[in-house]
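Here's the structure, in structure tokens; my notes come after.
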Amino acid sequence: MQARVFRLAPGAPMLAGALNTSAFNVGITLTPMLGGLTIDAGLGFTSVAWVGAGTGVLALAATGWAAALERRKGRDDVPAVERPAYAAV
70 MQARVFRLAP GAPMLAGALN TSAFNVGITL TPMLGGLTID AGLGFTSVAW VGAGTGVLAL
130 AATGWAAALE RRKGRDDVPA VERPAYAAV
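Residue numbers for the sequence shown follow this note's numbering, beginning at 70 and rising by one.
Written out as structure tokens, the structure reads:
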């Protein structure tokens, strides 16, 4: 995933890497915080599993949305990954 981020932002690799790492840190921080809030609200310890599942679903939805936007945009300016000759089918 890190390689994909750098491929999509060739003009600003430092910024792309920093934003990618920041996004991971937000997810790592936000999910346990939300889990703690659900326990504090009296929903029980099993609510933490639902919070984890919910944030996982949100992450998958964001990934699907990004892929759909990339397909619709027709990223012609991004070079395709070259396949080795032996991998040609």
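Note that CB positions come from ideal geometry on N, CA and C, so glycine has one too.
Query                                                                                                                        : Result
DSSP state of residue 101 mapped onto helix, strand, coil                                                                    : helix
Residue from 98, 100, 75, 99 with nearest C-alpha to residue 88                                                              : 75
Residue 81 - DSSP class collapsed to helix/strand/coil                                                                       : coil
Per-residue DSSP class, three states only, for residue 112                                                                   : coil
Neighbourhood of residue 131 by C-beta distance below 8 Å, restricted to the same chain and skipping five residues each side : none
Of the residues 96, 134, 73, 137, the one placed nearest residue 122, counting alpha carbons only                            : 96
Environment of residue 113 [buried if 16+ CB atoms lie within 10 Å]                                                          : exposed
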